[in-house]
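Undergrad: Right, I'll just put the structure down here and ask away after.
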Amino acid sequence: MPLHKVKSLSVYHPQLAYCVVQFLEKDPSLTESVVNSLLKFWPKMHSPKEVMFLNELEEILDVIEPAEFTKVMVPLFRQLAKCVSSPHFQVAERALYYWNNEYIMSLINDNATVLLPIMFPSLYRNSKSHWNKTIHGLIYNALKLFMEMNQKLFDECVQNYKLDRHSEKQKMKEREETWSKIESLALKNPKFKEIAPLNPNLVNNLSESAIPDLPTPVDEEFLMNYEKIEYEAKDVKKQFPKEKTLLRRKSELPHDTLTLKALSDHKRVDEFLTPAPSESI
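Residue numbers are given in this note's numbering: position 122 of the sequence shown equals residue 106, and the series is strictly consecutive.
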């Protein structure tokens, strides 16, 4: 697993991912340590490398046992939620393609009560704020699948998101009010007139500070338009390939032209070697 840390990972990553998946097919009990290692070494600032990790992670999920999946699903989907929020559209796009994998969706469906609350805030927030339109469509596709999976749980997540957002804005208002009190006390300080000439902008900043209006819990920002989810998801679904069966996919060795050529050109040297004479005891 430490081989995932090096800068030149792209040179041999397909072969490395193949070896990892082969180990997991042979011994599924290694899954937890392998996934945790991947999450530990997850790239922070290298988007192409992050896409490679997402590719490998999907290959692992294709062969994962349901019992092993439950051990790693929480940290794994927290990382996926971060990837969905990535400003690099290829990272977000690759993460959202997981929702086109039927075996992964079956695992999510079996553990929806745990995974949907983790993913929903990231999906909903980025459906409105992400700069890339393609990502919007993929997010609506994921939301639609979650909605069809468990409508009641989906509605609960919507309501919880509303309350969380309202709570955040309430805290922001309280923070602004606290700063306003501090600023008013600063203006009353006898030494304020001595300090004010040193910073002319200070007086303007204090006088112009304002507290933003607090929206009601049913502000338009929070309204989840189910019809829009259906409409946006339809266009995206057409882009996906139609294959995928509800079976775990066996790993396949990636084809590398240079490796294949080296193997075909290789000649065994056994015929040119003479066996060592046996020594009599």
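C-beta atoms are modelled at their ideal positions from N, C-alpha and C, and glycine is treated no differently.
Would you kindly report the start and end of the unbroken alpha helix (DSSP H) that includes Leu14?
TA: Premise fails: Leu14 is in no alpha helix (DSSP H) and is neither H nor E.
Undergrad: Return helix, strand or coil for Phe138, following the three-state DSSP convention.
TA: Phe138 falls in the helix class under three-state DSSP.
Undergrad: Pop quiz: Cys141 and Phe104 are said to be a contact at Cβ under 8 Å. What is the actual Cβ separation, rounded to whole angstroms?
TA: 4 Å
Undergrad: Pick helix, strand or coil for Ser(-8), following the three-state DSSP scheme.
TA: coil
Undergrad: I'd like to know whether the C-beta atoms of Glu9 and Val47 end up nearer to each other than 9 Å.
TA: yes
Undergrad: Quick check on this structure: which residue in Lys(-9), Gln(-1) and Phe130 has the alpha carbon closest to the alpha carbon of Thr241?
TA: In terms of Cα proximity to Thr241, the closest of Lys(-9), Gln(-1) and Phe130 is Gln(-1).
Undergrad: Do the region 66 to 84 and the region 36 to 51 meet, that is, are 3 or more Cβ pairs less than 8 Å apart?
TA: Because the criterion of three Cβ pairs below 8 Å is met, the region 66 to 84 and the region 36 to 51 touch.
Undergrad: What residue ranges within the region 88 to 142 form continuous alpha helix (DSSP H) runs of no fewer than 4 residues, ordered along the chain?
TA: Within the region 88 to 142, the complete alpha helix (DSSP H) runs of at least 4 residues are 96 to 113 and 117 to 133.
Undergrad: Name the residue from His(-3), Val19, Tyr145 and Ser164 whose alpha carbon lies nearest to the alpha carbon of Val35.
TA: His(-3)
Undergrad: Quick check on the DSSP output: the alpha helix (DSSP H) that includes Glu43 runs from which residue to which?
TA: Segment Ser31 to Val47, the alpha helix (DSSP H) holding Glu43.
Undergrad: Drop a sphere of 10 angstroms on the beta-carbon of Ala126, count the other beta-carbons inside from all chains shown, and report buried for 16 or more, exposed for fewer.
TA: buried
Undergrad: Can the beta-carbon of Leu23 be found less than 9 Å from the beta-carbon of Cys67?
TA: Their beta carbons are not under 9 Å apart, which means Leu23 does not touch Cys67 by this criterion.
Undergrad: Tell me the DSSP secondary structure of Ala1 in three-state form.
TA: helix
Undergrad: So, is Val5 buried or exposed, given that buried needs 16 or more other C-beta atoms within 10 angstroms?
TA: buried
Undergrad: By the 10 Å Cβ neighbour count, where 16 or more other Cβ atoms means buried, how is Lys128 classified, buried or exposed?
TA: buried
Undergrad: DSSP three-state call for Asn173: helix, strand or coil?
TA: In the structure shown, Asn173 sits in coil (DSSP, three-state: anything other than H, G, I, E or B).
Undergrad: Could you tell me whether the region 91 to 109 touches the region 130 to 145, where touching means 3 or more Cβ pairs closer than 8 Å?
TA: These segments touch.
Undergrad: If we count the other Cβ atoms within 10 Å of its Cβ and call it buried at 16 or more, is Leu91 buried or exposed?
TA: In summary, Leu91 is buried, with 16 or more beta-carbon neighbours lying within 10 Å of its beta-carbon over all protein chains present.
Undergrad: I need the boundaries of the alpha helix (DSSP H) containing Phe73, first residue and last residue.
TA: Per DSSP, the continuous alpha helix (DSSP H) segment holding Phe73 begins and ends at Phe73 to Leu80.
Undergrad: Can you give the Cα-Cα distance for Glu178 and Leu171, rounded to whole angstroms?
TA: Rounded to whole angstroms, Glu178 and Leu171 show a C-alpha spacing of 11 Å.
Undergrad: How should Phe268 be labelled, buried or exposed, when 16 other C-beta atoms within 10 angstroms of its C-beta is the threshold for buried?
TA: There is no way to answer for residue 268, as the model of the chain reaches only from -15 to 265.
Undergrad: Quick test of your reading: Pro59 and Asp94, contact by CB under 8 Å. State the CB separation rounded to the nearest angstrom.
TA: In fact, because the Cβ distance is near 18 Å, the residues do not count as touching under 8 Å.
Undergrad: Is Lys146 helix, strand or coil by DSSP?
TA: helix
Undergrad: Could you check where the alpha helix (DSSP H) with Tyr55 kicks off and where it finishes?
TA: Position check: residue 55 holds Lys in this sequence, whereas Tyr was assumed. Looking at the DSSP string, the run of the alpha helix (DSSP H) that includes Lys55 is Pro50 to Val68.
Undergrad: Buried or exposed: which applies to Asn(-8), given that a residue is buried once 16 or more other Cβ atoms fall within 10 Å of its Cβ?
TA: This sequence places Ser at residue -8; Asn is not what is there. With fewer than 16 other Cβ atoms within 10 Å, it is exposed.
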